[in-house]
Amino acid sequence: MSDACNVPGLSVPRSRFPAPERDLPEPAGESRIVLAGGCFWCVEAVLLALDGVTSVESGYAGGSSETANYQAVCSGTTGHAEVVDVHYNPAKISLGELLRVFFSVAHDPTQLNRQGNDIGTQYRSAVFYETDEQKQVVEAYIRQLDAAGVYSDPIATALERLAAFYPAEASHQNFAARNPWQPYIMAVAAPKMEKLASIWADRLKPEFSQDDPDQA
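For the working numbering, count along the sequence shown from 1 and bump the result up by 37.
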């Protein structure tokens, strides 16, 4: 990982990110979506803080099992992206609401095959969907954000059907929480968590809430 990355939306108020016009009907039980937005350490940290998210596992998607390991994926030649496998309770948070945070805080969706100084297809912005209904919700929200002009550049997020998810090595799981003083986490994940607490305080689990949040 490099030691610098853009934090999207730092000067963009919450109101600039519209609520999704299209969403999935609330199913019974747990739901799942696999998201890629650069370094999985940082995306994991952001999404795990959301109320209704039951688990987030870092891993790889988009390539084969033979090369689904950190050293190979970091070469940028395997076809994988660093991803997070998000399981959530749709009675508490919907797919559309997850996407709203993913596109506003977790990463910069306008960057193609990179996040800041992390460069390569393994750091691409992508949503790995399992159903056509999921794909349609994501497509609709990307159109909505582009139409609203939230970013000056068009969103570059790819939509890819999930063939398989490969969990990352144990050392990469819950990395930010276990390594808060690691330089990359301090430089990249910490500002995203501050932004999350600032504009999405009402969507956080109690242990992640802060006093006097800015609800701009």
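Beta carbons are placed, not taken as given, at the ideal position from N, Cα and C, and that holds for glycine.
CA-to-CA, the gap between residue 140 and residue 63 works out to about 21 Å. With a minimum length of 3 residues, the unbroken runs of beta strand (DSSP E) contained wholly in the segment 129-173 fall at 162-166.
Residue environment: residue 208 is assigned as exposed (fewer than 16 neighbouring CB atoms within 10 Å of its CB, all protein chains considered).
Relative to the Cα of residue 95, the nearest Cα in the group 123, 232 and 222 belongs to 123.
Within the segment 174-248, the beta strand (DSSP E) runs of at least 3 residues that lie entirely inside it are, in chain order, 195-198 and 202-204. If you draw a 10 Å sphere on the C-beta of residue 181, you find 16 or more other C-beta atoms in it, and that means buried. Cβ atoms of residue 87 and residue 120 stay farther apart than 8 Å, at about 17 Å.
Residue 91 sits in a strand when the DSSP states are folded into three classes. Excluding its 5 nearest sequence neighbours in each direction, residue 190 has C-beta neighbours in its own chain below 7 Å: 147, listed in chain order.
For residue 113, the closest C-alpha among the options 158, 75 and 61 is that of 158. A check of alpha carbon separations from residue 151 across 162, 143 and 142 identifies 162 as the nearest. Taking the Cβ atoms as the reference, residue 74 lies roughly 14 Å from residue 117, outside the contact range of under 8 Å. By the Cβ-count criterion, residue 218 is exposed, with fewer than 16 other Cβ atoms from all chains shown falling within 10 Å of its own Cβ.
DSSP places residue 119 in no alpha helix (DSSP H) but in the uninterrupted beta strand (DSSP E) bounded by 118-125. A Cβ-Cβ separation of about 19 Å leaves residue 205 out of contact with residue 125 under the 8 Å criterion. Closest in C-alpha terms to residue 168, from the list 71, 54, 56 and 57, comes 71. With a beta-carbon spacing of about 3 Å, residue 57 and residue 133 fall inside the 8 Å limit used to define contacts.
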